[in-house]
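Enquirer: Chains as they are written, first to last, in the numbering used here: chain A, 14 to 456; chain B, 14 to 456.
Don't be surprised by glycine CBs; every beta carbon is placed ideally from N, CA and C.
Just so you know, these numbers come straight off a predicted model, no measurement behind them.
Okay, handing you the structure first.
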């Protein structure tokens, strides 16, 4: 069965449709590589994105293509898989159809791995001012804004204006917010300082705003404190127990204080993609579909929801929205389908295995927590480097990222400091429609 | 004088303003590195672009950052140079002012190196349908369109529609058109064939349309013929002595024949940037400013026009619009200014030294002409590789390009096959405003 060649795949094989080519979707497809099924992966982009490194694109260290690989290329040798670049607009679970605008695709098994997008907790008008970081386009837009700010400040005679332009406020101190804050601060201090003749370094402020009592709340208190110290040593101002009350073109209001600034980036919360609405299924507060222990939807045993779109439990505890959880749940759903199709015994309930967490701050520091092991500083950074290179999808990307990191470390230069849109073009970063913030999935 | 540090540069030094950070502008700035002057380079992008490899970004082999370097980074160690990212909107040569919107910048010497842009010979309405290839944004948009076409064709059931989508018409058979045709044909045949399960390879057509009697007219007839054979062996249809009569959303009319197609790319002609209008100076048919033998403008001895914006002569013959001519003329203008400022004897008239020409077709073939030497095939390709790596601006870019080329050669994969804009976004490639096609200069 696995030697089916293109064009003559028997139409009688069960059709598995996977919506979303992120971590969960790709693993689901791979788990079905040897199954007697026809797999179709649908995504509205053509690439699988390695989201944990997306902040490095925003910070001009890496190019988009370093961390994105065409889904077709990843699944090229899997002969039972086809890929469709299309936007899924709905699902009819009764008639077993996926809608893509006016096209439909029938399925026998459906895996919804459509990811999550930024949420502004009801303040959707903030999205245009304070972009999130979910897609390649988001990252390129943030990069353009950061680099353009330095260019504008260099031309600016007025000290107050200059300070407004070079104040960067990051809302949300999870790994993405922390890593982005660290790398913007480092870029400002190491890379750009020698090249801008007029900017007063004292103008540059990077402020990280966190609603809760500590940064990186998923880590231990000890590591949170270490990470905060590392951020502060790079010049980042950390504001804990602070809520953002308002954002407009001129600045941010945080805990009653007005901070004039032109750059606000938002990593404070995620909302699941609308898969729950498509299915009319029960969801939690974050819009995630509550799934059964086998990750299927209660009413529809042939529909699975995985990754950030699913509210999954493991040993009675909710599974966190991490890449490793997405991969494990996608793989599990693929295995469940394989078992059913092949008549194998049913699998035990899904169980999430925590492989540990890491976050990095600047060139030399990281925190790492694996079971009872807690590392911080250079050893954790080395582990971070090895792990991230190892899990990148293609050898070419691994080599390219290794080259860029080595280069950046040695020279303090950034390899990808390109402002895509020229001055005077009607297409400025701000003019790009917002938000297009669901890269790994299909909204 | 050259040890001036930032902030305390004496305002009494002559001010040299260079408009455009392309090959000519950068060389002009570098030639002034040791002069007692204040140099300002103004460009509407933040990067210097290695335009000869831009087609490789369009063909998804290289990333934009592989061939673009921040102008600031290039001039970082030149202490008498500052860089401004701004759009020059005019010049007042009497009052010696450069206008950037409502800002002005005074100069003592002015170098206009604003490059050229695509021209449609009066048919400006074709620009939106048939983009040119001049800037990073152009290249990314062409890449998006090519890759998106394959994705659309894969979903398309109708054979005629599929064929329309996968017919690529390139207008103009200079080096850019030839290289782009070769690389699109090769990408279609080598890279993508194994990944698209439904596309019939017979649907894919690449058509190169040339108004004149042969391709690469700047080369010898022998090399033109060799290059044409190489293109045809990759499956490119070459149409000589053909004029494009019409272009619309549905296709192209070439010499009376209607070719239905969705992708037309235009490399057929260039028009100088509006520097001639700013100066109210005499220009040739292509809008290039006629300059004196020292590259200054007749009425204004302190204003120089160089590179693609200038109509220059050397030994009584017009100088071609090539990167090497831009670099040589920029360097010369810098040297003339240096001589005047330092009271050195006047330089002999500008003389263009032809270092030879090269063009490459696919992975294994190139043509090369240096004086009486004419090479084609693999030896020329190896020479092409060495020269292009050698002249890239930064070691990091050299290493990265070398890695990408080696990878593409060995695996036939493309390193940068990312469609930036997702399906269903209101921001499709076609919706981007056209043309923004003057990357090296300032329009």
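1. I'd like to know if residue 428 of chain B contacts chain A, where contact means its C-beta is closer than 8 Å to some C-beta of that chain.
2. Let me know the beta strand (DSSP E) ranges lying completely inside the segment 51-86 of chain B, each 3 residues or longer, listed in chain order.
3. Is residue 325 of chain A helix, strand or coil by DSSP?
4. Would residue 118 of chain B count as contacting chain E if we go by Cβ distances under 8 Å?
5. Establish whether the CB of residue 420 of chain A and some CB of chain B are separated by less than 8 Å.
6. With a cut-off of 8 Å on the beta carbons, I'd call residue 124 of chain A and residue 317 of chain A a contact; round off their distance for me.
7. Under 7 Å Cβ-Cβ, which residues of chain A neighbour residue 164 of chain B?
8. Helix, strand or coil: how does DSSP classify residue 441 of chain A here?
9. For the segment 391-405 of chain B against the segment 180-191 of chain B, are there 3 or more C-beta pairs whose distance is under 8 Å?
10. Determine whether the Cβ of residue 409 of chain A lies closer than 8 Å to any Cβ atom of chain B.
11. Mind reading off the beta-carbon distance from residue 231 of chain B to residue 256 of chain B? Whole number of angstroms is fine, and I expect it under 8 Å.
12. With H, G and I counted as helix, E and B as strand and the rest as coil, what does DSSP make of residue 330 of chain B?
13. Ignore the nearest five residues each way along the sequence and tell me which others in residue 160 of chain B's own chain have a CB closer than 7 Å to its CB.
14. Do residue 126 of chain A and residue 32 of chain A have their CB atoms nearer than 8 Å?
15. Are at least three pairs of beta-carbons, each pair with one atom in the segment 89-96 of chain B and one in the segment 44-51 of chain B, less than 8 Å apart?
16. Cβ closer than 7 Å: which chain A residues qualify as neighbours of residue 125 of chain B?
17. Return the chain-ordered list of same chain residues with a C-beta closer than 6 Å to the C-beta of residue 217 of chain B, the five sequence neighbours on each side being excluded.
18. Which word fits residue 386 of chain A, buried or exposed, when buried means at least 16 other C-beta atoms lie within 10 angstroms of its C-beta?
19. Spatial neighbours of residue 368 of chain B within its chain, please: C-beta separation below 6 Å, excluding the five flanking residues on both sides.
20. Using 8 Å as the limit for Cβ to Cβ distance, is residue 50 of chain B near chain A?
21. Among the residues of its own chain, which have a CB less than 7 Å from the CB of residue 411 of chain B, if the five just before and after it don't count?
22. Less than 8 Å separating the beta-carbons of residue 221 of chain A and residue 191 of chain A?
23. Going by other Cβ atoms of all chains shown within 10 Å of its Cβ, with 16 needed for buried, is residue 393 of chain B buried or exposed?
24. Starting from the beta carbon of residue 53 of chain B, find every residue of chain A whose beta carbon is closer than 8 Å, and list them in chain order.
25. Give the single residue among B:350, B:310, B:343, B:304 whose Cα lies nearest to the Cα of residue 326 of chain B.
26. Within this structure, are the beta carbons of residue 155 of chain A and residue 71 of chain A separated by less than 8 Å?
27. Beta-carbon separation of residue 40 of chain A and residue 344 of chain A under 8 Å?
28. Report the residue ranges of all beta strand (DSSP E) runs contained in full by the segment 110-135 of chain A; include only those spanning at least 3 residues, in chain order.
29. May I have a chain-ordered list of the beta strand (DSSP E) segments no shorter than 3 residues that lie completely inside the segment 189-267 of chain B?
30. Is residue 369 of chain B near the ligand ZN, going by C-beta to nearest heavy atom under 7 Å?
31. What does the alpha-carbon distance come out to for the pair residue 300 of chain A and residue 328 of chain A?
32. Residues of chain B with a CB under 7 Å from the CB of residue 434 of chain A: which are they?
33. Roughly how many angstroms lie between the CA atoms of residue 158 of chain A and residue 312 of chain A, to the nearest whole one?
34. Please state if the CB of residue 219 of chain A and the CB of residue 163 of chain A are separated by a distance shorter than 8 Å.
35. Less than 8 Å between the CB atoms is what I'm expecting for residue 273 of chain A and residue 213 of chain A, so what's the real figure, rounded?
36. By Cβ distance, which residues of its chain are closer than 6 Å to residue 250 of chain A, with the 5 residues on each side in sequence left out?
Expert: If we stick to the structure as given:
1. Your numbering for residue 428 of chain B matches position 415 in the second chain. It does: the Cβ of residue 428 of chain B has a partner Cβ on chain A nearer than 8 Å.
2. 51-56, 60-62, 81-83
3. Numbered from 1 along the first chain, position 312 holds the residue referred to as residue 325 of chain A. DSSP places residue 325 of chain A in coil when its eight states are reduced to three.
4. Any reference to chain E falls outside this structure, whose protein chains are A and B.
5. Mapped onto the first chain, residue 420 of chain A falls at position 407. Chain B contact via Cβ: present.
6. The residue you call residue 124 of chain A lines up with position 111 of the first chain. The residue you call residue 317 of chain A lines up with position 304 of the first chain. Right, the Cβ-Cβ distance comes to about 5 Å (below 8 Å), so this counts as a contact.
7. Here residue 164 of chain B is taken as the residue at index 151 of the second chain, counted from 1. Neighbours of residue 164 of chain B on chain A, chain order: 59, 98.
8. The residue labelled residue 441 of chain A in the question sits at position 428 within the first chain. Per-residue confidence for residue 441 of chain A stands at a pLDDT of 44, beneath the threshold of 50, marking its modelled position as unreliable; the derived number appears in the next sentence. Coil.
9. no
10. In the first chain, residue 409 of chain A corresponds to position 396, counting from 1. Yes, contact with chain B.
11. Your numbering for residue 231 of chain B matches position 218 in the second chain. Your numbering for residue 256 of chain B matches position 243 in the second chain. In fact, because the Cβ distance is near 20 Å, the residues do not count as touching under 8 Å.
12. Indexing the second chain from 1 puts residue 330 of chain B at position 317. Strand.
13. The residue given as residue 160 of chain B occupies position 147 in the second chain. 73, 430, 432, listed in sequence order.
14. Within the first chain, the letter at position 113 stands for residue 126 of chain A. Within the first chain, the letter at position 19 stands for residue 32 of chain A. Closer than 8 Å, so yes.
15. yes
16. As a first step, residue 125 of chain B must be located in the second chain, where it is residue number 112. In chain order: nothing, as chain A lies at least about 17 Å away.
17. Here residue 217 of chain B corresponds to residue number 204 of the second chain, with the count starting at 1. Taken in chain order, the residues that qualify are 179, 201.
18. The residue given as residue 386 of chain A occupies position 373 in the first chain. Exposed: under 16 other Cβ atoms inside 10 Å.
19. Here residue 368 of chain B is taken as the residue at index 355 of the second chain, counted from 1. The answer, listed in chain order, is 337.
20. Counting from 1 along the second chain, the entry for residue 50 of chain B is found at position 37. For residue 50 of chain B, the answer is no, since every Cβ of chain A falls outside 8 Å of its Cβ.
21. On the second chain, residue 411 of chain B is found 398 positions in, with the first residue counted as 1. The residues are 402, 405.
22. Here residue 221 of chain A refers to the residue found at position 208 when the first chain is read from its first residue. Here residue 191 of chain A refers to the residue found at position 178 when the first chain is read from its first residue. Yes, Cβ-Cβ distance for residue 221 of chain A and residue 191 of chain A is below 8 Å.
23. By one-based count along the second chain, residue 393 of chain B stands at place 380. Counting Cβ neighbours within 10 Å, residue 393 of chain B comes out buried, since at least 16 surround it.
24. In the second chain, the residue the question calls residue 53 of chain B occupies position 40. In chain order: nothing, as chain A lies at least about 10 Å away.
25. Position 313 of the second chain holds residue 326 of chain B. For residue 326 of chain B, the nearest C-alpha among the options comes from B:304.
26. In the first chain, counting from the first residue as 1, residue 155 of chain A sits at position 142. In the first chain, counting from the first residue as 1, residue 71 of chain A sits at position 58. Going by C-beta atoms, residue 155 of chain A is nearer than 8 Å to residue 71 of chain A.
27. Taking the first chain and counting its residues from 1, one reaches residue 40 of chain A at position 27. Taking the first chain and counting its residues from 1, one reaches residue 344 of chain A at position 331. A contact, by the Cβ cut-off of 8 Å.
28. 110-113, 116-119, 122-125, 129-131
29. 218-222, 249-252, 257-261, 264-267
30. Only the bare structure without any ligand can be found here, which leaves the ligand ZN out of the picture.
31. Counting from one through the first chain, the residue named residue 300 of chain A turns up at place 287. Counting from one through the first chain, the residue named residue 328 of chain A turns up at place 315. Using only the alpha carbons, I get a separation of about 22 Å.
32. Locating residue 434 of chain A in the first chain gives position 421, where the first residue counts as 1. Those are 150, listed as they occur along chain B.
33. As a first step, residue 158 of chain A must be located in the first chain, where it is residue number 145. As a first step, residue 312 of chain A must be located in the first chain, where it is residue number 299. Those two C-alpha atoms are separated by around 46 Å.
34. Stepping through the first chain from its first residue, residue 163 of chain A is reached at position 150. Stepping through the first chain from its first residue, residue 219 of chain A is reached at position 206. Cβ atoms of residue 163 of chain A and residue 219 of chain A: not closer than 8 Å.
35. Reading the first chain from its first residue, position 260 is the one you call residue 273 of chain A. Reading the first chain from its first residue, position 200 is the one you call residue 213 of chain A. About 16 Å; that fails the 8 Å criterion.
36. As a working note, residue 250 of chain A is residue 237 in the first chain. The answer, listed in chain order, is 220.
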